[in-house]
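Enquirer:
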Amino acid sequence: MVLGGTMAPVAGGVVLGLCAAVGLARLVESLLFGAHGIDGVTLLAVVAMVLGVGAAAAWWPARRAARVDPIASLRYE
Numbered sequence: 001m002v003l004g005g006t007m008a009p010v011a012g013g014v015v016l017g018l019c020a021a022v023g024l025a026r027l028v029e030s031l032l033f034g035a036h037g038i039d040g041v042t043l044l045a046v047v048a049m050v051l052g053v054g055a056a057a058a059w060w061p062a063r064r065a066a067r068v069d070p071i072a073s074l075r076y077e
């Protein structure tokens, strides 16, 4: 549940970022001589890195929260 709640905004940010990157790459190609804006390997590497960092950032707190005894947390409140 924690991973799904965290990865949804990450995936949305990746989609918006890809759309912005493709749109701005065409602008840069039109303004700069010899510039190639869209490189599939680079975009794929960046997407994989962002998703990996987002998954790691969600996994560590979720793992720590899963170790907590539910009865102990209910007694605390």
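Quick note on the numbering used here: the sequence shown kicks off at 1 and runs consecutively.
By construction, the Cβ of each residue, glycine as well, lies at the ideal position given by its N, Cα and C atoms.
The structure displayed is predicted, hence computed values, not measured ones.
Give me the Cβ distance between V10 and V46, rounded to the nearest whole Å; I'm assuming they're in contact under 8 Å.
Expert: Locating residue 10 in the sequence shown gives position 10, where the first residue counts as 1. Locating residue 46 in the sequence shown gives position 46, where the first residue counts as 1. That belief does not hold up - the Cβ atoms of V10 and V46 are roughly 13 Å apart, past 8 Å.
Enquirer: Compute the beta-carbon to beta-carbon distance between A58 and L16, rounded to the nearest angstrom, for a pair I have assumed lies under 8 Å.
Expert: Translated into positions along the sequence shown, residue 58 becomes position 58. Translated into positions along the sequence shown, residue 16 becomes position 16. Actually they do not touch by this definition, with Cβ atoms about 19 Å apart.
Enquirer: In angstroms with no decimal places, state the Cα-to-Cα distance between L78 and W60.
Expert: No answer is possible for residue 78: the residues shown for the chain start at 1 and end at 77.
Enquirer: Would you say T6 and G52 are within 9 Å of each other, going by their C-beta atoms?
Expert: Position 6 of the sequence shown, counted from the start, is the residue given in the question as residue 6. Position 52 of the sequence shown, counted from the start, is the residue given in the question as residue 52. No; because the gap between Cβ atoms is not below 9 Å, this pair is not in contact.
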